[in-house]
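One structure is given here, and the rest of the page talks about it.
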Amino acid sequence: MKALLLLLLCTVGAAACFVLRSVLRGRNKRRLLRDAHGIGSSLSEEIGISVLCSGIDAPERIDALLGSEYTRFETIVVLDAGGFPDEFARLTARYRMIRVEWHGSQEFPTSDIRTLWRSRRRNCRRLVLVDRPQRADGSASEGSVTDWNAAASVAAYDYLLPLDGRTALLPDAVMRIVAELGEHPAGAVDAVRSRIGMPVALIARDVVVEAGGFGKRMLRQVPRRRRLVLWEPLAGRADRAEAAKRARVAKNMLRTAVIAAFLATGGAVAAGYWTGAAVTAAAAVVAGAAAYGRQALAFDESAFDGKTLP
Amino acid sequence: MVNPMIDTLYKIYAVLALATACALSAGALFAALRERRRRGHDAMLRAKYLHALMLALSGGERRMPYFPLFGHPGTRLLLCETIAGLVSITYGLDTALLRHAIDRYGLDRWMLRHVRRCRGYRRARALALLACLPSDETMAAAVAPYLRSRNRYVRFYALTVQLAADPAHALRYIESYDGPLSVSEVAELMALLRRGILPLAYGPLLEARSLKLRRVGLAIVRQFGIEEAEGRLLQFVADTSEPELGREALYALCSLRCSLLRREVAVFIAGMDLRERRALLRCMALEGYALNTMRRLFEDEERPYYETLVQSYKRSLA
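Chain order of the listed sequences is G and E.
Each residue of the first sequence is one higher than the one before, counting from 1 in this note's numbering.
Each residue of the second sequence is one higher than the one before, counting from 1 in this note's numbering.
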């Protein structure tokens, strides 16, 4: 029993160190690619991304999404003109949107798109507005899924990035994803996801088509060798006040946990209780790794400062 | 017999874990202090260095600008980053003053030592900075060992240092580069080309035997919209020995908006799988190809798909 516990503690310590190493490598890679100017300008002919937005109606957030320097990129916002007439009117007026023709998609059979709108402003050509009625009976997540399916049916590019109202992309997330896709031959990657921060995943259009639309556990359908996992945040909370509050709480909790684990280990060693000391020392390793990783990611969080989040 | 051994192992584990936790906590503290310094002190100094350099460059002065606090820890890297940032976003810059500053403060030699000290992506970033600093041919030889690194980013940025330091032998460096060039890497080479660092012409690249050189040539054709290369692109499409190059050539033809009603293109498309054909159809729809072109290149079963694409993507006014 004691041997098993020791084995478990060793595994926990090794896992904490492995995750921290992955986070630090991800941070360094991000720093490297942030200065790579070629990716944004020349890769744009190869890789196209459609961002599908559900529950996003704030113009500031749409502006921030349209502000991406990447050119082969479009933002599709799904909104119910019947349920939210003021928001819809505000968006159509702000972006000078006009109604355009819509032909049903072969890949994503959706019948409930009322109208499709595009902007007349040259700098907002990448914005598409979909008017789709929201069902009152479905849950919020179901609503998002049907919104994403509707948005996917009008999407023009090969990769789809679904976003909901709670999630905001980091300012350089699109470039980072594109850089990651560009490392591999065309069509070799079907999904990119991040293990840190708010969950967000880029999925190849063909995968979504084969699955019959977005659904739960979509990424499980993608074979591991065609999946990329990033150990760095691509998205954060859209509510920055809430995010800042949570960050403060997490920081204080981590600090307390590290100190408590050290004190407990010291106490257990002084008492000659080595099993307890090993357990609390493992906890100290986990808390220390979390604190270090968190601090390393402060570099990415600083990208939020003074900017509106997409 | 077992228990004393297990107890010893527990003791060893507890001591090792405690040491690791101490190191991690110290690392977190150090990272916090460094981040605070980066946001405050370093940001202020960076602005001052940039200001001094820009004043000197715009005034056409030969006198070395004054860099406050230069020589303090971290300031060399800061000055290198500032010069590299300036070089990478400007075109046709007179680098004489920058080269003078680099020689005077020994920044290139210091960066080489910094590259040696770093590992992994940090080493690649140091090499990327070094590639932006004006340097001479000796630098190309100095970074040659990094071309054998396991990290592909280190290998690639060592190549960019060589290309920037000795552009006259760019073709040889690219040809001898170990491993295939990814799309991202070709894009970075295009950035170097646009900055005027690489004196490459598309003709010899497309005629080269090396697949890497051909891909760079294709990227140049696509980037600068060289329609004269259409015949060579069609040859690539017809060449079945390199299907990946053929695919790239086909997309290049698409982005040049050349006529796709050619036998070579039809044969190539017939050999593509459904997924690739649909991706190509989407690309063609985005580039504005007419329904008639698609009808002659694709089979009847795919007709509803591309008709929807064309009608929806053009999104004509209601």
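We treat Cβ as the ideally placed atom computed from N, Cα and C, and that holds for glycine.
Sequence-distant partners of G/Thr265 (beyond 5 residues in either direction) whose C-beta falls short of 7 Å from its own C-beta, in its chain, are Ala277, Thr280, Ala281, Ala284. The region 195-207 of chain G makes contact with the region 146-162 of chain G, as at least three CB pairs between them are under 8 Å. At a beta-carbon threshold of 8 Å, the residues of chain G lying near E/Leu24 are Leu20, Val285, Gly288, Ala289, Ala291, Tyr292, ordered along the chain. Look at G/Phe88 here: in three-state DSSP terms it is helix. Residues of chain G with a Cβ closer than 7 Å to the Cβ of E/Ala249 do not exist, since the nearest Cβ in that chain sits about 13 Å away.
Linking E/Leu69 to E/Ala140 through their CA atoms gives a straight-line distance of about 31 Å.
At a cut-off of 7 Å between beta-carbon atoms, G/Ala201 makes no contact with chain E. Comparing C-alpha distances from E/Arg214 to each of E/Glu227, E/Val186, E/Arg194 shows the shortest one belongs to E/Val186. At a cut-off of 7 Å, the C-beta of G/Asp158 has a neighbouring C-beta in chain E. The beta carbon of E/Gly27 sits closer than 7 Å to some beta carbon of chain G. Around the beta carbon of E/Pro4, fewer than 16 other beta carbons sit within 10 angstroms, so the residue counts as exposed.
DSSP places E/Ile226 outside both helix and strand once states are collapsed to three, so it counts as coil. G/Glu74 has G/Ser50 as its beta-bridge partners, per DSSP.
In the displayed model, G/Met97 falls within a strand according to three-state DSSP.
Take the alpha-carbon of G/Ala291 and the one of G/Arg224: they are about 30 Å apart. When rounded, the separation of the alpha-carbon atoms in E/Ala84 and E/Ala101 is 12 Å. Around the beta carbon of G/Leu9, 16 or more other beta carbons lie within 10 angstroms, which makes this residue buried.
Excluding five sequence positions before and after G/Phe262, the CB atoms of its chain that fall closer than 7 Å to its own CB belong to Ala284, given in chain order. Under the three-state reduction of DSSP, E/Tyr177 is assigned to coil, being neither helix nor strand. In this structure, G/Leu6 and E/Tyr10 form a Cβ contact; the two beta carbons are roughly 6 Å apart against a cut-off of 8 Å. Between the region 186-201 of chain G and the region 228-243 of chain G there are three or more inter-stretch CB-CB distances shorter than 8 Å, so the stretches are counted as touching. Among the residues of chain G, those whose CB is under 9 Å from the CB of E/Glu276 are Ala186, Gly187, following chain order. For the pair G/Arg21 and E/Leu274, the Cα-to-Cα distance works out to about 40 Å. With contacts defined as CB atoms closer than 7 Å, E/Ala14 and G/Trp274 qualify as a contacting pair. For G/Gly236, the enclosing beta strand (DSSP E) covers residues 235-237. Looking at the backbone, the Cα of G/Arg94 and that of G/Trp117 are separated by about 13 Å. Membership of G/Ala201 in the beta strand (DSSP E) is indicated by the continuous run 201-204. By the CB criterion at 7 Å, G/Ala257 and G/Ala287 fall inside the cutoff.
Residue environment for E/Pro180: exposed (fewer than 16 other C-beta atoms within 10 angstroms of its C-beta).
Residue burial annotation: E/Gln162 is buried, with at least 16 other C-beta atoms found within 10 angstroms of its C-beta. Identification of chain E residues near G/Lys216 by a Cβ-Cβ cut-off of 8 Å yields none; the smallest Cβ-Cβ distance measures about 24 Å. In terms of CA proximity to G/Asp63, G/Val128 leads the group G/Ala16, G/Ala36, G/Val128.
In this structure, G/Gln134 keeps its C-beta atom at 7 Å or more from the C-beta atom of E/Pro304.
Linking G/Val178 to E/Leu286 through their CA atoms gives a straight-line distance of about 19 Å. Chain order gives the chain G residues near E/Glu244 as Pro185, Ala186, where near means a beta carbon separation below 9 Å. The residues Trp231, Ala289, Gly293, in chain order, have a CB closer than 8 Å to that of G/Val19 in the same chain once the five nearest residues on each side in sequence are set aside.
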